[in-house]
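Heads up: the structure comes next, in structure tokens.
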Amino acid sequence: MASSTVAFVPQVDQTFGGTFSGDPSPSRDYPPCEVRDLPWIGNAVPVVNGVLQN
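Structure below.
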């Protein structure tokens, strides 16, 4: 098994746009289920053979 990058999402920090935080740590119960605008929806740039596509 190998991993490969299939998309790049620009300008997303480690909290994924505030969806997650370090306190408390993500778990089965946290963060609670809620509708959010996630920063990667519609912003992913495809990567083919290691090269960003336009």
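At position 7 of the sequence shown the residue is numbered 37 (this note's numbering), and the sequence of numbers has no breaks.
Beta carbons are placed, not taken as given, at the ideal position from N, Cα and C, and that holds for glycine.
All of these numbers come straight from a predicted model, not from anything done at the bench.
Per the coordinates, the alpha-carbon of GLN83 lies some 12 Å from the alpha-carbon of THR35. For the set PHE38, ALA32, MET31, the Cα lying nearest the Cα of VAL78 is the one of PHE38. The three-state secondary structure of PHE38, taken from DSSP, is strand. Here the C-alpha atom of ASN73 lies approximately 18 Å from the C-alpha atom of GLY80.
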